[in-house]
Amino acid sequence: MSITAGIDVGSTYTKTVLLDADNKIVARHQLNTGFKLAEVAEKCFQACLAEARLTSDDIAYIIATGYGRHQVAFKDLIVTDITASARGCHLLFPETRTVLDVGGQTMKAIRLEPDGKVKSFRQNDKCAAGTGAFLEKTARYMGYETDDIGGLLDTSRDPAEISGVCAVFAESEVINQLSLGTPPADIMQGAIESLTTRAVQLMKRVKAEPGHTLIGGIMRFGTMSRAVDSRIKDDIQLPGGGEDRALPQFVTALGAAWLAHHRLRKLAGEGSTPTPAAA
Amino acid sequence: MSQNLFDSWRDQPLEEVLYQCRELYENTDFPTVRAWRDRGGKVLGHFQVYFPEEIVHAAGILPVKLRGGNIQPDKADSRFGSYLCSIIKTSLELALSDKIELDAFVTHPICDAARNLGAIWGRNYDYPCEILYLPQNPNSAASAEYLRGEYDRLQRMVERVAGAEINDEALRHSMAVFNRNRALMRELYEIKRQSPEKIAAEDAYALVALAGILPREEHNELLAYVLPMIRESAAKQEDRIRIVFEGAFCEQPPFDMVRSIGRSAYVVDDDFMIGLRWILSDVPRGRDPLRDLALSYIEDSSYSPVQHDLRKRKEEMLVRRVRAANADAVIVTAAKMCEPGLEEQVAYIHGLEREGIPFFVSEFEENQSSFSDLELQLETFMENLLFA
């Protein structure tokens, strides 16, 4: 049975997914990206192989995606994270028509064709506003680590008003809120609400259609998906359904691995688009 | 002390050789040209596209291909309108800012801007600034004789600059040097077509472009040294789209643009610096060298939007190039404000559509510095082909 790999070298985390021909995830692994992109991609891939008790010879095709995709030396192909995310969402939820992907440094809204192809997309500008970096900076100003964000958000009662979404100017807003005696949990939730506003604006710009799927590292905080859910008049789909909280972060790597099977079939002369099935 | 102008690649491994070539290509101070002059050598600068460098070489003068550069045309801006292409301005800027010092300059009437460049250049310098009129109609029976006359006129001008006559033996020797050079470049392109994973697009580009700023004997040595190493290199063959890049016959795309394209596609053929590769096979070395050169230009040459030969319809030549390289798609591009290039895009697009060859249309400017949008668009185009 052929197994493919999708490697998503994101700005904050690098993710690898191994996928078999029945679209079952064989293994997945994640590492902090850091600044040695080629090295972390190799490490993440090897760790994933070790988890699955496989060797690189067992992998029939490798697609690299994410902002560091060009640095993956052992890839067969690169695809943009736009395409990989779209296909990953289509695999998990074939009815997906709009994808919101909030990662460490980027926020993207993607509109899909019924067959999972990208119809249009928008992404944030080069600044970190409206991304995971904004949340991380907000947490850090208050003395918390990234891993503390989830727990902090669960205790929020009255979200603070965070007007700005600039990661740099967030510091003055946080200091201002703290001086007013606002609890850190409410400031954090305020940052989430601010992020949500930006996400909704971005989705409007691609003329979002019903069938929303939310992915990206920020979605591991259930409060973010709930905030988006409350703003759009549509049932949102969250990979992992809130139980597998890390899955939203792996969807782009999953899409890349799925496209690798597509490519394998095409090279073998079968030429058919694989049919989505439960991953 | 070595008499060579560019030695840092010698005895080096492939990666270092290519690094040195990229560095030299991107150096807008043109150290090899400067070193040649410092040693008392004379330099003739010629503007794009094709120029019979053999005639200059035979006089012991260094022919330098002026291809603009990634510099701000601060002084040249005052000599040209803003509606003109960049290469016209940056080529003159290289001279006005003393980055390149010449003893003669030759341009061609490939477009209005290039035709006027000779007169504008000449107002700034005392040395000869000429226009070489390549035949507008190569299909005429008289064109070979006409071109031989033009080459003869050029030869006399070169002799005045050199202060010595050029004899036929010297010309034939230069033709042998250039024949060898073109054969080596053909070998490089054969590698690109057969095993594009072995040489990055920007490295192949730099290797060819250096011919324009080195004595051709040195360039021959460089290629003869590096080609076997490229052939032997063990690079993983990726499942990339194979593309032909069309639109770099005059103004050259920024080096980083070539690099960006080469990161996601295999550039299996192109028209980068096509003037250096214009003659397709060896120029015969018969009794009349100038006539041999003229005949090769007319009968045995490549194509570009600035040569109008009914036997070589550009869109058909492009399709032929695509087929010969077994390419999947074409990037049809043109420099901003380039009239011949933009006009020819229409014919190229119709030709490709007729043949069902996918293509991606874009524009560039040599001083452009951001390619992330282009890269994203190009990758999306290729993904549409890969996952159709």
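Residue numbers (the numbering used here), protein chains in the order written: chain L, 17 to 295; chain R, 617 to 1004. Note that the Cβ used here is the ideal one computed from N, Cα and C, for glycine as well.
Quick check: the Cα distance between residue i and residue j, rounded to an integer number of angstroms?
i: Cys745/R; j: Gly82/L; result: 52 Å
i: Glu979/R; j: Glu867/R; result: 11 Å
i: Pro679/R; j: Ala66/L; result: 59 Å
i: Met773/R; j: Val874/R; result: 37 Å
i: Leu218/L; j: Met204/L; result: 21 Å
i: Leu254/L; j: Gly238/L; result: 9 Å
i: Gln664/R; j: Arg879/R; result: 27 Å
i: Ser707/R; j: Gly685/R; result: 7 Å
i: Gly104/L; j: Leu718/R; result: 59 Å
i: Ala927/R; j: Lys705/R; result: As written in the sequence, residue 927/R is Arg, which differs from the Ala given in the question. In a straight line, the C-alpha of Arg927/R is about 33 Å away from that of Lys705/R.
i: Asp202/L; j: Leu169/L; result: 7 Å
i: Asp904/R; j: Ala730/R; result: 30 Å
i: Phe976/R; j: Gly957/R; result: 15 Å
i: Leu47/L; j: Val922/R; result: 54 Å
i: Glu850/R; j: Pro812/R; result: What sits at residue 850/R in the sequence shown is Ala, not Glu. Near 12 Å, if we compare the C-alpha coordinates of Pro812/R and Ala850/R.
So, with DSSP's three-state summary, where would you put residue i?
i: Gly661/R; result: strand
i: His45/L; result: strand
i: Cys105/L; result: helix
i: Ala950/R; result: strand
i: Leu65/L; result: helix
i: Glu862/R; result: strand
i: Ala21/L; result: strand
i: Phe90/L; result: coil
i: Arg138/L; result: strand
i: Ile178/L; result: coil
i: Ala295/L; result: Low confidence applies here, because Ala295/L scores a pLDDT of 49, under 50, leaving its location unreliable; read the following figure in that light. Residue state, collapsed to three classes: coil.
i: Glu854/R; result: coil
i: Lys928/R; result: coil
i: Ala125/L; result: strand
i: Val190/L; result: helix
i: Gln868/R; result: coil
i: Glu746/R; result: strand
i: Ala792/R; result: helix
Output needed for residue i: all residues of its chain with C-beta closer than 6 Å, excluding positions within five of it in sequence on either side, in chain order.
i: Val216/L; result: Arg247
i: Phe861/R; result: Val883, Asp886 and Ile947
i: Ile1/L; result: There is simply no residue 1/L to check, as chain L begins at 17 and stops at 295 in what is shown.
i: Lys681/R; result: Gly828
i: Ser876/R; result: Phe987 and Glu991
i: Tyr666/R; result: Gly891 and Trp894
i: Met889/R; result: Val824 and Ala825
i: Ala675/R; result: Val774, Ala778 and Ile782
i: Thr723/R; result: Phe663, Ala730, Leu733, Gly734 and Ile747
i: Gly902/R; result: Asp908
Determine the burial state of residue i: buried for a count of at least 16 other Cβ atoms within 10 Å of its Cβ, exposed for fewer.
i: Val184/L; result: exposed
i: Arg69/L; result: exposed
i: Thr171/L; result: exposed
i: Asn643/R; result: exposed
i: Tyr699/R; result: exposed
i: Gly159/L; result: exposed
i: Phe721/R; result: buried
i: Arg832/R; result: buried
i: Ala57/L; result: buried
i: Ala294/L; result: The pLDDT assigned to Ala294/L is 47, lower than 50, so where the model puts this residue is not dependable, and the model offers no usable value.
i: Asn836/R; result: buried
i: Thr71/L; result: exposed
i: Ser195/L; result: exposed
i: Asp623/R; result: exposed
i: Ala757/R; result: exposed
i: Gly656/R; result: exposed
i: Leu839/R; result: buried
i: Ala284/L; result: exposed
i: Gly132/L; result: buried
Please check the pair residue i and residue j, which I expect to be a contact at CB under 8 Å, by giving their CB distance rounded to whole angstroms.
i: Val649/R; j: Asn795/R; result: Val649/R to Asn795/R, Cβ: 24 Å. No contact.
i: Gly232/L; j: Gln265/L; result: 7 Å
i: Ala102/L; j: Gly271/L; result: 7 Å
i: Ala276/L; j: Lys31/L; result: No, Ala276/L and Lys31/L are not in contact; Cβ-Cβ is about 15 Å, not under 8 Å.
i: Tyr767/R; j: Pro668/R; result: 6 Å
i: Tyr964/R; j: Glu932/R; result: Tyr964/R to Glu932/R, Cβ: 10 Å. No contact.
i: Ile703/R; j: Ala951/R; result: 7 Å
Skipping 5 residues on each side, what residues in its chain have a beta carbon closer than 8 Å to that of residue i?
i: Arg221/L; result: Ala125 and Arg138
i: Ile846/R; result: Leu630, Leu804, Ile807, Lys814 and Ile815
i: Ile208/L; result: Leu151, Leu169, Pro175, Phe237, Thr239, Met240 and Ala243
Identify the contact partners of residue i in chain B, using a Cβ-Cβ distance below 8 Å as the criterion.
i: Asp855/R; result: Here chain B cannot be found, since the structure's protein chains are L and R.
In its own chain, which residues sit with a C-beta less than 7 Å from the C-beta of residue i, not counting the 5 before and 5 after it?
i: Met953/R; result: Tyr699, Leu700 and Cys701
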